[in-house]
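Chains as they are written, first to last, in this note's numbering: chain P, 4 to 324; chain V, 177 to 477.
Backbone N, C-alpha and C fix where the C-beta goes; we use that ideal spot for every residue, glycine too.
All values derive from a computational prediction rather than experimental measurement.
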Amino acid sequence: MTTTTRDSAVVSRRSSLGVKAAWDRLKVSRAWLSFWFMLPAAAFLLLFLAYPLALGIWISFTDARIGRSGAFVGLENYEWLWDDSVFWLSVFNTLLYTAVASCFKFAIGLYLALLLNHHMPFKAIIRALVLIPFIVPTVLSAIAFWWLFDSQFSVLSWSLKKIGLIASNIDFLGDPWNARWSVIFANIWRGVPFIAITLLAGLQTVPPSLYEAATIDGANEWQIFRYITYPLLTPIIAVVMTFSVLFTFTDFQLIWAMTRGGPVNATHLMATLSYQRAILGGYLGEGAAISTAMIPFLLAAILISWFGLQRRKWQHGESND
Amino acid sequence: MTELLAPTPGPARASDHSEGMSYLETLPRRLVTLYLPLSIILIVLLFPFYWMALTSIKPDEQLLNLDRFNPFWTTAPTLKHIQKLLFETSYPHWLWNTVLVAVASTMLSIGASVLAAYAIVRLRYRGAQWIGAAIFLAYLVPPSILFIPLSTVVFQYGLFDTPFALILTYPTILIPFSTWLLMGYFKTIPFELEECALIDGASRWQILTRIILPLATPGLISAFIFCFTLCWNEFIYALTFISSTSNKTVPVAIVNEFVDGDIYRWGSLMAGALVGSVPLVVLYAFFVEHYVAAMTGAVKE
């Protein structure tokens with residue numbers, strides 16, 4: 004009895020020595036070490052990002068419903084969507100929303116960045132204030148907009164009536180086109196601070212000597228902007244606008260908090276429509292098909308900005324950092 | 177030393193181009209070209225918050241009677257809405273849920289990102305560049321195309337309607353961002369420090385915890401508060417993966433639980449929005465420069 008215990012103890016000590024040696028070797032091996040260091044992040048991203056991304060594409064080819072996994076049905080979901088006028092309306096809304104909001108966000112954001120780049124009193128406080136719409140959760144500010152756009156008690160209608168510009172209340176969120184412009188306005192409001200502050204950071208890297216030289220050479224303000232500021236700012240503009248376009252295109256929370264896609268689907272974006280069909284309606288396959296249909300648009304946006312960036316780098320002769 | 181190493185692209189360090197030439201502008205000109213447009217934009221940006229705060233302290237009868245009371249001001253402020261919110265609804269509980277989910281998933285993400293960023297920048301294994309690019313691409317995958325398949329995944333793993341559904345899925349949004357940010361910070365720490373430590377016999381783990389992390393503290397703070405804000409702000413996953421009222425986070429609870437037919441709901445709704453925003457704004461006020469560094473750092477890299 005005792006001998007067996009001792010034997011097994013010896014064996015286990017020997018094997019633990021072997022394990023320890025192997026462990027020592029592993030500890031210094033860079034490949035293994037890298038593997039362990041990468042493991043947590045990779046596990047998260049593979050399990051909850053890469054796998055769902057692939058699964059979503061697969062679900063879009065099945066007739067899955069909530070509570071039951073579906074069978075492969077080929078392109079049926081897509082054929083169904085092709086004939087669905089509400090889907091095409093949501094595509095139109097999404098493109099309109101993204102195009103109009105991005106243009107305004109870029110123009111106002113750049114203008115605001117140029118303004119903030121001036122020397123003025125309370126500069127730090129003003130810059131901090133500008134970013135507040137970005138800090139406050141979107142849903143909560145969207146609810147504030149919902150109240151501002153109320154059909155009966157809107158303070159905007161009240162003010163316009165007092166000034167005498169309109170005779171009766173504006174139905175901001177009840178009329179299709181008013182609702183579209185209202186949510187676009189809220190999106191611009193929410194997005195401008197991010198663009199302004201990031202572009203401001205870009206502006207601050209432009210060497211002042213360039214402006215001084217241009218001023219001495221007699222360049223006017225527009226020329227300074229066009230031939231110095233804008234070219235030097237292009238790379239950061241490309242990155243910022245890619246992010247802005249991507250997140251505007253896939254926006255969900257603002258719409259859901261303000262209109263839930265109404266009135267008569269006039270503000271449904273592809274994201275909100277897919278939520279409505281998949282989670283509220285229970286047709287996972289159809290909802291996944293709508294989500295998957297967003298991917299080509301997103302890829303196009305990324306590629307356009309990527310090649311825009313590359314071209315600039317090539318022109319400037321910079322090495323890829 | 178730390179000041180030299182810390183790459184803060186925030187407004188504090190940067191100088192303005194116009195400082196040198198601003199004497200060329202006269203005051204009236206500045207009024208029209210600078211202060212006027214700037215104040216218009218600022219008023220538009222901040223008005224919704226003024227309105228939010230004002231509504232949450234207005235008595236009900238003043239809220240809906242625009243003809244008798246000037247809507248832009250209130251004569252008899254009341255804390256009734258906020259009191260009702262905090263003591264008669266589950267709002268404190270929702271607030272607690274939000275904080276719990278945000279802190280837990282931020283911690284998880286920062287831990288995973290520190291390891292990953294260190295491995296990519298400093299261990300430089302084969303293919304590290306490609307992994308870095310893949311992580312950047314993961315940053316570009318929006319939650320709105322993932323929530324449908326993720327809901328089935330969450331259901332399969334038995335996480336549906338638990339806080340873990342959110343704690344484990346939020347890192348997919350946070351890890352790409354914070355890894356990218358921390359890679360930028362780690363790159364600025366000189367190699368020589370690490371080589372000295374290696375010669376002295378330190379292990380990689382010791383190097384990471386004793387040398388790299390203390391030097392990258394500003395980066396860690398930036399990543400932490402930015403991730404925390406993103407979690408607080410997250411809506412679509414919380415809306416999809418949580419069904420019972422007691423597990424909801426503040427943004428979802430406000431949209432789903434407060435929006436009833438009551439004509440006097442605006443006071444409590446705005447109070448809810450205000451109380452849900454204040455913690456973030458306070459955090460922001462303390463760490464403005466870290467926020468800006470996080471935002472611009474992730475874009476610039």
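- Task: Following the continuous alpha helix (DSSP H) through P/Ser-88, name the residue where it begins and the one where it ends.
- Result: Working through the first sequence from its first residue, we reach residue 88 of chain P at position 85. Note, P/Ser-88: alpha helix (DSSP H), 88-119.
- Item | Neighbour list for V/Ser-289 in chain P, Cβ cutoff strictly below 8 Å | By one-based count along the second sequence, residue 289 of chain V stands at place 113. Under the 8 Å cutoff, chain P gives Ala-44.
- Which residues does DSSP pair with P/Thr-218 in a beta bridge? If you number the first sequence from 1, residue 218 of chain P lands on position 215. Its beta-bridge partners do not exist; DSSP assigns none.
- Query: So with Cβ pairs under 9 Å, would you call V/Tyr-361 a contact of chain P?
  - Reply: Walking along the second sequence from the start, residue 361 of chain V turns up at place 185. Output row for V/Tyr-361: interface = no.
- Task: Within its chain, find whatever has a CB closer than 7 Å to the CB of V/Leu-450; leave out the 5 residues flanking it on each side and keep chain order.
- Result: Looking up residue 450 of chain V in the second sequence gives position 274. Annotation for V/Leu-450: Met-228, Ala-229 and Ser-232 place their beta carbon closer than 7 Å to its own, counting only its chain and skipping 5 residues before and after.
- Rank V/Ala-470, V/Thr-416 and V/Tyr-294 by C-alpha distance to the C-alpha of V/Ile-387 and give the top, closest one. Translated into positions along the second sequence, residue 387 of chain V becomes position 211. It is V/Tyr-294.
- Message: Please state whether the Cβ-Cβ distance between V/Gly-448 and V/Tyr-226 is less than 9 Å.
- Response: Residue numbering aside, residue 448 of chain V sits at position 272 when the second sequence is read from its first letter. Residue numbering aside, residue 226 of chain V sits at position 50 when the second sequence is read from its first letter. Cβ atoms of V/Gly-448 and V/Tyr-226: not closer than 9 Å.
- Quick one: Cα of P/Leu-143 to Cα of V/Phe-353, how far? As a working mapping, residue 143 of chain P is identified with position 140 in the first sequence. As a working mapping, residue 353 of chain V is identified with position 177 in the second sequence. In a straight line, the C-alpha of P/Leu-143 is about 23 Å away from that of V/Phe-353.
- DSSP-derived helix/strand/coil call for V/Arg-479: With chain V covering 177 to 477 only, the question about residue 479 of chain V has no answer from this structure.
- Query: Should V/Arg-380 be flagged as near chain P, meaning a C-beta pair shorter than 9 Å?
  - Reply: Your numbering for residue 380 of chain V matches position 204 in the second sequence. Cβ-Cβ to chain P under 9 Å: yes for V/Arg-380.
- My guess is that P/Phe-250 and P/Ala-274 are in contact by the Cβ rule of under 8 Å, so how many angstroms apart are they, rounded? One-based indexing of the first sequence puts residue 250 of chain P at position 247. One-based indexing of the first sequence puts residue 274 of chain P at position 271. Contact flag wrong, Cβ pair sits at about 11 Å.
- Message: Does P/Arg-193 pass the burial test, meaning 16 or more other C-beta atoms within 10 Å, or should it be called exposed?
- Response: In the first sequence, the residue the question calls residue 193 of chain P occupies position 190. Buried, by the Cβ-count rule.
- Can you pull the chain V residues whose beta carbon is under 8 Å from the beta carbon of P/Ile-135, in chain order? Along the first sequence, read from residue 1 onward, the residue named residue 135 of chain P stands at position 132. Here the neighbours are Leu-221, Leu-222, Phe-225, Val-457 and Tyr-460.
- Within 10 angstroms of the Cβ of V/Val-468, are there 16 or more other Cβ atoms? Answer buried if so, exposed if not. Looking up residue 468 of chain V in the second sequence gives position 292. Classification for V/Val-468: buried.
- Task: Taking only the alpha-carbon atoms, compute the straight-line gap between P/Leu-119 and V/Phe-263 and give it to the nearest angstrom.
- Result: In the first sequence, counting from the first residue as 1, residue 119 of chain P sits at position 116. In the second sequence, counting from the first residue as 1, residue 263 of chain V sits at position 87. Between P/Leu-119 and V/Phe-263, the alpha-carbon positions lie close to 43 Å from each other.
- Item | Environment of V/Pro-253 [buried if 16+ CB atoms lie within 10 Å] | Here residue 253 of chain V is taken as the residue at index 77 of the second sequence, counted from 1. Under this definition V/Pro-253 is an exposed residue.
- Is the beta carbon of V/Leu-316 sitting closer than 9 Å to the one on P/Leu-301? For the purposes of this step, residue 316 of chain V is identified with residue 140 of the second sequence, where counting begins at 1. For the purposes of this step, residue 301 of chain P is identified with residue 298 of the first sequence, where counting begins at 1. Yes, Cβ-Cβ distance for V/Leu-316 and P/Leu-301 is below 9 Å.
- Item | Ordered list of alpha helix (DSSP H) runs contained in the segment 243-304 of chain V, each at least 4 residues | 256-264 and 267-294
- For P/Ile-146, which residues of its own chain have a beta-carbon under 7 Å away from its beta-carbon, when the five flanking residues on both sides are left out? Residue 146 of chain P sits at position 143 when you count from the first residue of the first sequence. So the list reads Ala-260, once near-sequence residues are dropped.
- For a contact meaning CB atoms closer than 8 Å, what does P/Trp-161 contact in chain V? Here residue 161 of chain P refers to the residue found at position 158 when the first sequence is read from its first residue. The contacting residues are Leu-242 and Pro-247.
- Have a look at P/Lys-126 and V/Leu-214 and give me their C-alpha separation to the nearest angstrom. Working through the first sequence from its first residue, we reach residue 126 of chain P at position 123. Working through the second sequence from its first residue, we reach residue 214 of chain V at position 38. C-alpha separation (whole angstroms): 12 Å.
- Query: How should P/Asn-96 be labelled, buried or exposed, when 16 other C-beta atoms within 10 angstroms of its C-beta is the threshold for buried?
  - Reply: Here the question's residue 96 of chain P lines up with position 93 in the first sequence. Result: buried.
- Taking Cβ-Cβ distances shorter than 9 Å, what residues in chain V pair up with P/Ser-144? To locate residue 144 of chain P, count along the first sequence from 1; it is residue 141. Here the neighbours are Pro-224, Phe-225, Met-228, Ala-449 and Ser-453.
- Beta-carbon neighbours of V/Leu-445, restricted to chain P and to distances below 8 Å: Here the question's residue 445 of chain V lines up with position 269 in the second sequence. The contacting residues are Ile-146 and Trp-150.
- Task: Any chance you could list the alpha helix (DSSP H) runs of at least 4 consecutive residues sitting entirely within the segment 377-454 of chain V, in chain order?
- Result: Listed in chain order, they are 393-409, 412-417 and 426-433.
- Note down the Cα distance separating V/Ile-311 from V/Ile-321, rounded to an integer number of angstroms. Numbered from its first residue, the second sequence carries residue 311 of chain V at position 135. Numbered from its first residue, the second sequence carries residue 321 of chain V at position 145. When rounded, the distance between both Cα atoms is 17 Å.
- Residue range of the alpha helix (DSSP H) that P/Ala-127 falls in? As a first step, residue 127 of chain P is located in the first sequence; it is residue number 124 there, counting from the start. Start and end: 126-133.
- Task: Please check if any C-beta of chain V sits within less than 9 Å of the C-beta of P/Val-158.
- Result: Within the first sequence, numbered from 1, the residue matching residue 158 of chain P stands at position 155. Chain V contact via Cβ: present.
- Would you tell me roughly how many angstroms separate the C-alpha atoms of P/Gly-285 and P/Asp-66, rounded to the nearest one? Within the first sequence, residue 285 of chain P is the residue found at index 282, counting from 1. Within the first sequence, residue 66 of chain P is the residue found at index 63, counting from 1. So the two alpha carbons sit approximately 11 Å from each other.
- Query: Taking Cβ positions only, does V/Ala-373 come closer than 9 Å to chain P?
  - Reply: Position 197 of the second sequence, counted from the start, is the residue given in the question as residue 373 of chain V. So no, V/Ala-373 is outside the interface.
- Alpha carbon to alpha carbon, how far is P/Ala-170 from V/Pro-325? Give it in angstroms, no decimals. Along the second sequence, read from residue 1 onward, the residue named residue 325 of chain V stands at position 149. Along the first sequence, read from residue 1 onward, the residue named residue 170 of chain P stands at position 167. Each residue's alpha carbon lies about 49 Å from the other.
- Taking all protein chains shown into account, decide if V/Arg-205 is buried (16 or more other Cβ within 10 angstroms of its Cβ) or exposed. To locate residue 205 of chain V, count along the second sequence from 1; it is residue 29. Per the 10 Å Cβ criterion, exposed.
- Item | Interface flag, P/Asp-254 vs chain V, CB-CB below 9 Å | Numbered from 1 along the first sequence, position 251 holds the residue referred to as residue 254 of chain P. It does; some Cβ of chain V falls within 9 Å.
- Enumerate in chain order the residues of its own chain whose CB-to-CB distance from P/Ala-12 is below 7 Å, with the five nearest sequence positions on each side excluded. Looking up residue 12 of chain P in the first sequence gives position 9. Confidence is the limiting factor: at P/Ala-12 the pLDDT is only 46, short of 50, which leaves the residue's position unreliable, though a coordinate-based value still follows. Hits under 7 Å: none found.
- Task: Return the CA-CA distance between V/Ala-470 and P/Leu-84, expressed in angstroms with no decimal places.
- Result: By one-based count along the second sequence, residue 470 of chain V stands at place 294. By one-based count along the first sequence, residue 84 of chain P stands at place 81. Annotation: V/Ala-470 to P/Leu-84 spans about 41 Å, alpha carbon to alpha carbon.
- Status (buried if at least 16 other CB within 10 Å, exposed otherwise) for P/Leu-117: In the first sequence, counting from the first residue as 1, residue 117 of chain P sits at position 114. When all chains shown are included, P/Leu-117 counts as buried.
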